[in-house]
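Residue numbers (the numbering used here), protein chains in the order written: chain G, 11 to 426; chain D, 11 to 426.
Each residue gets a CB set at the ideal place from its N, CA and C atoms; glycine is no exception.
Protein chains: 2
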Amino acid sequence: MTERLQVGAFRLASRMTDVAPSAVREILKVAEQPEMLSFAGGLPAPELFPVEAIAEAYAQVLAEEGKQALQYGVSEGHGPLREWIAARLTQRGLATSPEQLLITHGSQQGIDLVARALLDRGDRVIVEDPTYLAALQAFSTYEVTLVPVPSDAEGMQVDGLEEVFRRERPALLYIVPEFQNPKGTSLALPRRRKLLELARRHGVPVLEDDPYGEIRFAGRAGPSLAALDSEQVIQLGTFSKTLAPGMRIGWVRAPVEVLSRLTILKQATDLHTSTLNQRAVTRLLATFDYEGHLEKLRKVYRVRADAMDQALCRAMPPGTSWTHPEGGLFLWLQLPAGIVDDAVFQAAIARGIAVVPGHPFFARGLDHGHLRLNFSNRSEALIDTGMGILGEVVGELGAAASRAVVQGVASPRPRP
Amino acid sequence: MTERLQVGAFRLASRMTDVAPSAVREILKVAEQPEMLSFAGGLPAPELFPVEAIAEAYAQVLAEEGKQALQYGVSEGHGPLREWIAARLTQRGLATSPEQLLITHGSQQGIDLVARALLDRGDRVIVEDPTYLAALQAFSTYEVTLVPVPSDAEGMQVDGLEEVFRRERPALLYIVPEFQNPKGTSLALPRRRKLLELARRHGVPVLEDDPYGEIRFAGRAGPSLAALDSEQVIQLGTFSKTLAPGMRIGWVRAPVEVLSRLTILKQATDLHTSTLNQRAVTRLLATFDYEGHLEKLRKVYRVRADAMDQALCRAMPPGTSWTHPEGGLFLWLQLPAGIVDDAVFQAAIARGIAVVPGHPFFARGLDHGHLRLNFSNRSEALIDTGMGILGEVVGELGAAASRAVVQGVASPRPRP
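And the structure:
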């Protein structure tokens, strides 16, 4: 048993011993100061929020069904919203019934509920390395051991996966197969098949997190993991990237027998997701041009991703490389050898530019050679300005590193 | 280690072994059917929701700060809302700074986050017997042992508490001191002092759940537990009973060092509470007559509580007794000896009346002699009708029980 911390009159649970304030949380506080030109947050473009249509939906719901919308609701979620999502998933190639869906408070809550339903202390959880930081945090509160599996431009490398499954006997594999955070890369179809085949053979449940799948602006969508194996996979979705995050509406799709357990946990956790927000989203989806809205979103994000790619081409010194996402919100930049992510972060902040260092996205936090760049939240002009300054910062740090090496000073890259 | 259940491809965590569908959840599904005259739910009166003022607040927020209200927000909650709540608590006698407050997704989430921060598997949690059912459920997902302490008309009996503390060495004491659910009783002031003195001496943290404190319609408020000892107590609050539950806005008040840990857990759980709902509530509180609204609410609830009391006087057979709450939503009825809560539930449902059997509110579920009655959700006329029928049902079951005793048939009350 881990020793428990005492904070004033309160003795904390063992799980709190490793729960530290997120460094990225502190970074984002600096990054989101108004004077900062930030590419740090995982923020959708607020100028594309359908604010007027949302306002109209709230007005209609409160005028026509106000008493129901403000009352307690059922834990599984608002029926018509579950029906809409089931129809949408079915249309996108994943046959789904409303009974397979639980409405959650954003898809982050889906991660938490699935972790609570499936993970005991000491369990192993397979994650792509790097992966979504807040998923790592959610898992860590269940006192599990994270087992990172390396990735490349085609997503998680599945060649060594069978050996990992044999050795670790994991309780869960967590993955964002489409435009993952932080890299923007997707899992190639042959790897999806291989991963699922191994998962079935070794009895490893798969948690597929799909916040960005609807934001594909290039290439062609393949089948989701859940579409390839509905019995082995729990899938998470959200309206945070397609409509707006501030309403906190996401969902879990799972086999009915698992979903009923998740629903009990949902009730114990927070009774149910906001009735008003669920009804307003339902109304919105019934009344406005969702497809047209998504098309606009994809078009703007494609332009911004291209703008960032081209600005990086112009600004970055040799030895820098980055991913070329076909969707989502992020690209992932590899710094020239010898340049440390934290040093870039500090120097960029001093120049009024915010980015996120890459190391917190690695399960063990040891790789200091990357940055995550968000392209969805700024205009092309600001992207151009920002990447220009970032290129200068990286160039200057590179020049300093070269001088240091020439002068025999140790490399500033921290040791693992 | 508990054996883990396998559900299809998914092996569940040990904590799920004892997580069963809530019987009350199923009861409420029956009770809330439209043709049913229900006193079962814990529902505030929807005709008193300030629907128009809420609609105006959403309209204003979306018109004037739509982009911010629909974007991601900080985990601790919207600053101006924390400031408003801090000022309100201070005004009510509990000096509070915004830094001591975390905005949660209803106060149920506060119970869950505090449990996650403080409870290890196997810990002991002291609860009043009976107490709020969904708190019992939340604690049970942390695999703790519940230690029930009996209560009477003045709340938890504190005379034996020191021995319980010595024997059990509890990690937490959970209590609803004002108009508790299901009984409607409050903890007397001398007991509050005694409880806190013992808690301090034995190092037992106290979780004070206060959803109903603002709904006092008779008698005079005493100091809350947190007001008596701010360092030993975490207090939960909510707008679910004062404004409306459908927006899911509650809060945790804790010492700053504990609050910072709860905020990290909040982030891992669901990032943050709906930005839009937080800003709309902030706007509402700044623009409408909250005090006047509360006065109206208290007045209506007092009339309904009185109506229920009087209707029960008229309708109930001898041997029945009930509590006389000075606030909140519920009263608690003790059935005549030999009459079982489930039998009353079934017979009442057959007559179109829904109530909640009392046994699920007891930590061990063994006392079958009570009903919980909600008085806030129906008009005086319907309360009169409903209690009349309920009185007939109880009278008939009592007559049947007497005949059975006379004829030598075993009492239908289940054995513990």
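I need the DSSP call for residue i, collapsed to helix, strand or coil.
i          : result
Pro-160(G) : strand
Ser-451(D) : Nothing can be reported for residue 451(D): it is not among the residues displayed for chain D, which extend from 11 to 426.
Ile-274(G) : helix
Leu-294(G) : helix
Thr-432(G) : Outside the displayed span of chain G (11 to 426) sits residue 432(G), for which this structure offers no information.
Gly-398(G) : helix
Ser-427(G) : This structure leaves residue 427(G) out entirely; chain G is present only between 11 and 426.
Phe-372(G) : coil
Val-84(D)  : coil
Lys-39(G)  : helix
Pro-424(D) : Note on Pro-424(D): pLDDT 43, under 50, position unreliable in the model; no value is reported.
Ala-411(D) : helix
Arg-126(G) : helix
Asp-299(G) : coil
Ala-33(G)  : helix
Thr-6(D)   : The displayed coordinates of chain D run from 11 to 426. Any statement about residue 6(D) would go beyond what the structure contains.
Gln-119(D) : helix
Pro-256(G) : As written in the sequence, residue 256(G) is Gly, which differs from the Pro given in the question. Residue state, collapsed to three classes: helix.
Pro-108(D) : helix
Glu-188(G) : coil
Gly-405(D) : helix
Arg-3(G)   : Because chain G here runs from 11 to 426, residue 3(G) falls outside it and cannot be looked at.
Leu-281(D) : coil
Could you tell me which chain G residues have their CB closer than 8 angstroms to the CB of residue i, listed as they occur along the chain?
i          : result
Pro-215(D) : Ala-19, Phe-20 and Arg-21
Leu-208(D) : Ordered by position in chain G, no residue passes the 8 angstroms Cβ test against Leu-208(D), which lies about 13 angstroms from the chain.
Pro-31(D)  : Ser-270 and Ile-274
Ile-64(D)  : Leu-72, Gly-76 and Leu-80
Ala-148(D) : Ala-278 and Thr-279
Where does the unbroken beta strand (DSSP E) through residue i begin, and where does it stop?
i          : result
Phe-355(D) : Element bounds for Phe-355(D): not the beta strand (DSSP E) but the alpha helix (DSSP H), 351-360.
Val-243(G) : 243-248
Ile-185(G) : 182-185
Leu-217(G) : 216-219
Who are the neighbours of residue i on chain D, taking C-beta pairs under 9 angstroms?
i          : result
Tyr-82(G)  : Gly-51, Gly-52, Leu-53, Pro-54, Ser-250, Pro-255 and Gly-256
Arg-287(G) : A quick correction: the sequence has Asn, not Arg, at residue 287(G). Ordered by position in chain D, the residues that pass the 9 angstroms Cβ test against Asn-287(G) are Gly-256, Met-257, Arg-258, Ser-284, Leu-286 and Asn-287.
Phe-298(G) : By Cβ distance, chain D contributes nothing, its closest Cβ being about 14 angstroms from Phe-298(G), past 9 angstroms.
Ala-236(G) : Under the 9 angstroms cutoff, chain D gives no residues; its nearest Cβ is about 12 angstroms from Ala-236(G).
Met-26(G)  : Arg-126, Ala-127, Leu-128, Arg-271, Ile-274 and Leu-275
Thr-292(G) : None at all; the shortest Cβ gap to chain D is about 13 angstroms.
Tell me, which residues are paired with residue i by DSSP?
i          : result
Leu-381(G) : Leu-343(G) and Pro-367(G)
Glu-267(D) : None, per the DSSP bridge assignment.
Trp-261(D) : Ile-113(D) and Gly-247(D)
Val-17(G)  : Phe-20(G)
Arg-226(D) : Gly-337(D)
Met-166(D) : Ser-161(D)
Hey, quick one: how far does the alpha helix (DSSP H) through residue i stretch, first residue to last?
i          : result
Met-135(D) : Sequence inspection shows Val at residue 135(D); the Met mentioned does not correspond to that position. Where Val-135(D) is concerned, there is no enclosing alpha helix (DSSP H), although the beta strand (DSSP E) it sits in stretches over 134-139.
Val-174(D) : 171-178
Glu-93(D)  : 89-101
Arg-25(G)  : Neither: Arg-25(G) is in no alpha helix (DSSP H) and is coded neither H nor E.
Ala-209(G) : 199-212
Phe-149(D) : 143-150
Find the residues of chain D that neighbour residue i, judging by a C-beta separation of less than 7 angstroms, and give them in chain order.
i          : result
Gly-116(G) : Asp-280 and Leu-281
List the residues of chain D whose Cβ lies closer than 8 angstroms to the Cβ of residue i, in chain order.
i          : result
Ala-144(G) : Gln-277, Ala-278 and Leu-281
Ile-37(G)  : By Cβ distance, chain D contributes nothing, its closest Cβ being about 13 angstroms from Ile-37(G), past 8 angstroms.
Glu-74(G)  : Those do not exist, as Glu-74(G) stays about 11 angstroms from chain D at its closest Cβ, beyond 8 angstroms.
Glu-241(G) : Gly-18 and Ala-19
Asp-122(G) : Ala-278, Thr-279 and Asp-280
Could you name the residues of chain G that residue i contacts, counting a contact when the two beta carbons are closer than 7 angstroms?
i          : result
Glu-267(D) : Val-17 and Gly-18
Leu-129(D) : Ala-23
For a contact defined as C-beta to C-beta under 9 angstroms, what are the partners of residue i on chain G?
i          : result
Gln-119(D) : His-115, Thr-279, Asp-280 and Leu-281
Which parts of the stretch 302-357 of chain D are runs of the beta strand (DSSP E), unbroken and 3 residues or longer, counting only runs that do not cross its ends? 340-344
Jot down the residue ranges of each uninterrupted beta strand (DSSP E) in the stretch 44-80 of chain D, minimum 3 residues, whole runs only, in chain order. none
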